[in-house]
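So the structure is just underneath, and the comments pick up after that.
Protein chains: 2
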Amino acid sequence: MPQILDGKAVAAALTEDLKKQTAALVSRGVVPTLAIVRVGERGDDLAYERGAIKRAQTAGVAVKQFILPADCTQPQLLETIDAINHDAGIHGCLIFMPLPGSIDERAVRERLSPAKDVDGITFASQAAVYAGRDEGFPPCTPAACMEILKFYGVDPKGKNAVVLGRSLVIGRPAAMMLLGASATVTVCHTKTRDTASIARRADILVAAVGHAGAVTPEFVTPSQIVLDVGINVNEAGKLCGDVLPEAAEIAGACTPVPGGVGSVTTTVLMKHVVEAAEKQSGINN
Amino acid sequence: MPQILDGKAVAAALTEDLKKQTAALVSRGVVPTLAIVRVGERGDDLAYERGAIKRAQTAGVAVKQFILPADCTQPQLLETIDAINHDAGIHGCLIFMPLPGSIDERAVRERLSPAKDVDGITFASQAAVYAGRDEGFPPCTPAACMEILKFYGVDPKGKNAVVLGRSLVIGRPAAMMLLGASATVTVCHTKTRDTASIARRADILVAAVGHAGAVTPEFVTPSQIVLDVGINVNEAGKLCGDVLPEAAEIAGACTPVPGGVGSVTTTVLMKHVVEAAEKQSGINN
Chain A
26 MPQILDGKAV AAALTEDLKK QTAALVSRGV VPTLAIVRVG ERGDDLAYER GAIKRAQTAG
86 VAVKQFILPA DCTQPQLLET IDAINHDAGI HGCLIFMPLP GSIDERAVRE RLSPAKDVDG
146 ITFASQAAVY AGRDEGFPPC TPAACMEILK FYGVDPKGKN AVVLGRSLVI GRPAAMMLLG
206 ASATVTVCHT KTRDTASIAR RADILVAAVG HAGAVTPEFV TPSQIVLDVG INVNEAGKLC
266 GDVLPEAAEI AGACTPVPGG VGSVTTTVLM KHVVEAAEKQ SGINN
Chain B
26 MPQILDGKAV AAALTEDLKK QTAALVSRGV VPTLAIVRVG ERGDDLAYER GAIKRAQTAG
86 VAVKQFILPA DCTQPQLLET IDAINHDAGI HGCLIFMPLP GSIDERAVRE RLSPAKDVDG
146 ITFASQAAVY AGRDEGFPPC TPAACMEILK FYGVDPKGKN AVVLGRSLVI GRPAAMMLLG
206 ASATVTVCHT KTRDTASIAR RADILVAAVG HAGAVTPEFV TPSQIVLDVG INVNEAGKLC
266 GDVLPEAAEI AGACTPVPGG VGSVTTTVLM KHVVEAAEKQ SGINN
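Protein chains in written order, with the working numbering: chain A, 26 to 310; chain B, 26 to 310.
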């Protein structure tokens, strides 16, 4: 049986640290504040927003919502971003993506001040993740993977890490963050030949394929730590990851779905807001 | 004996294409023009500059030199960059790095207009390489590696590529460009365990370690294509790559040093200038 890497425990520990940091900021007159920009009323966005607001309250982060109608115009949205950029009382900003097709998403991303880009969507944040510079903010999901490894005392240095998936939201940044932590990193994807045998060489396996059952027992060994980033719905209509239960059972340690990586992402978002507030106010705990 | 991947042949073929493109641009009143910004008189810079000017002449690219004294100030250098940004007659800009210690190199990099960043030094270019977006410009050395593969008909898709080195100038961009071309990519570095056995699994091995003899026969197999990016001086005072001659002999194909990757980089720089001129003038050949 694998060790269960409990995302809720990681989030709880991070939140305790954040409470101290936010208290210290508040005592000096700074309330770390997150702007949430949502266009329309998509169910996924609303669910994530509720989770984020709850987590923010627990951590001591204030939230300001900027809600625009689904048929809002590009100038309206850019004006909203400008207002957030110029508001010294807002330290970080989350913009729900994808935006409606009528909006130039890239223009919106790049309008956001990199200093407030707590979800890692600007070129400056992307370049920092790529370069391994400790500035800007990485996307929250791969950052959550790194927090889980840290919490459980796993140092990636010198370990073989295999990342399944090359998306800009998870696969690529996870690979660059593991590389920055001195793992030897291999990135696999749909064009990879014999992915299972490459995966078996991993000490740390990050599954970010995006479909249920992608990781079968052939991918996994008992010495592995498996981080299952997938959030899928299986044939029975149940939430599940990329890793088959019978594959997870083989691993040395594995994150469950739900209750694994996904349980840490909103906490990482709050961590980024607090870091942004510290940087912008010049207060360092 | 390995097939010799001749950088000069690659450069010659690219230059022939460039001549046609520059002629087409010139016939429509646009002379593709590269600005070279050099601070001081460092020998390495002067040598590269001479090579670049010669290559530019052959390809039909004009060069404007901006030479500042080694003790120039930050505002002087930034003014120079601004002048280049605002000059519609200049399409690309090469700035020699590293800059003197008194200069904020990052501020200088980011001052350059991304549209003119033909050497891939701005965040926008870095983010584009990282994201695999076909915009901005990658650094010239990894781009030269990709041109060599293309010239010799090697499609990285589905192949195992191993990159030795994780620098921002070569290792990381080479990894991202190979990933963009759908290779399965592994990045090794000083903290990697048993690098030789990982290297042996490569179909394409990129050696960007930066010291002579780093790649020994244990790294290489007869089915491999080896791209030797190293430019070192060995004990006998002779120019050599990262790959030992007895290792290169084992490979299926290998770039020599000199006459390999290094012979293609200035041509790639000119290719980027021509592409920049096409984009900025709206003329597409």
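Even for Gly, the Cβ is constructed at its ideal location relative to N, Cα and C.
Residue 93 of chain A has A/64 as its beta-bridge partners, per DSSP. When the five nearest sequence neighbours on each side are left out, the beta carbons in the same chain lying within less than 6 Å of the beta carbon of residue 237 of chain A are those of 257, 259 and 265, in order along the chain. Cβ atoms of residue 289 of chain A and residue 116 of chain A stay farther apart than 8 Å, at about 20 Å. Per DSSP, the continuous alpha helix (DSSP H) segment holding residue 105 of chain B begins and ends at 99 to 111. Secondary structure of residue 239 of chain B (DSSP, three-state): coil. The beta carbon of residue 223 of chain A is closer than 8 Å to those of 187, 211, 213 and 217 in its chain, skipping five residues each way along the sequence. Taking CB atoms only, residue 148 of chain B has a neighbour in chain A less than 9 Å away. Annotation for residue 205 of chain B: the continuous alpha helix (DSSP H) segment containing it runs 196 to 205. The beta-carbon of residue 110 of chain A is placed no less than 9 Å from the nearest beta-carbon of chain B.
Cβ proximity to chain B below 7 Å picks out 183, 191, 193, 197, 204, 207, 209 and 210 from the stretch 183 to 210 of chain A.
Using a 10 angstroms sphere on the CB of residue 74 of chain A, the tally of other CB atoms reaches 16 or more, which defines it as buried. Under the DSSP definition of a beta bridge, residue 220 of chain A lacks any partner.
Taking 9 Å as the cut-off, the beta carbon of residue 252 of chain B is found closer than this to the beta carbon of residue 30 of chain B. Note: residue 264 of chain A is bridge-paired with A/258 in the DSSP secondary-structure output. Around the C-beta of residue 28 of chain B, fewer than 16 other C-beta atoms lie within 10 Å, and the residue is accordingly described as exposed. Rounded to the nearest whole angstrom, the CA to CA distance from residue 254 of chain A to residue 226 of chain A is 19 Å. Identification of chain B residues near residue 151 of chain A by a Cβ-Cβ cut-off of 7 Å yields 152, 155 and 156, ordered along the chain. Judged by their CB atoms, residue 124 of chain A and residue 64 of chain A are nearer to each other than the 9 Å cut-off.
When the alpha-carbon of residue 110 of chain B is set against those of B/292, B/167, B/143 and B/234, the nearest one is in B/143. At least 9 Å separates the CB of residue 254 of chain B from every CB of chain A. The beta-carbon of residue 133 of chain B is placed no less than 9 Å from the nearest beta-carbon of chain A. Taking each of B/163, B/193, B/233 and B/246 in turn and checking the Cα distance to residue 205 of chain B, the smallest one comes out for B/163. Between residue 208 of chain A and residue 184 of chain A a beta carbon distance of about 5 Å is seen, short of the 8 Å cut, so the two are scored as contacting. Beta-bridge pairing by DSSP links residue 186 of chain A to A/210 and A/229.
Excluding sequence positions up to five before and after residue 234 of chain A, its CB lies within less than 8 Å of the CB of 189, 190, 240, 255 and 267, all in the same chain and listed in chain order. Unbroken alpha helix (DSSP H) runs of no fewer than 4 residues, entirely contained in the stretch 118 to 182 of chain B, are found at 130 to 136, 148 to 156 and 165 to 176, following chain order. Taking 9 Å as the cut-off, the beta carbon of residue 39 of chain B is found closer than this to the beta carbon of residue 296 of chain B. By the Cβ-count criterion, residue 62 of chain A is buried, with 16 or more other Cβ atoms from all chains shown falling within 10 Å of its own Cβ.
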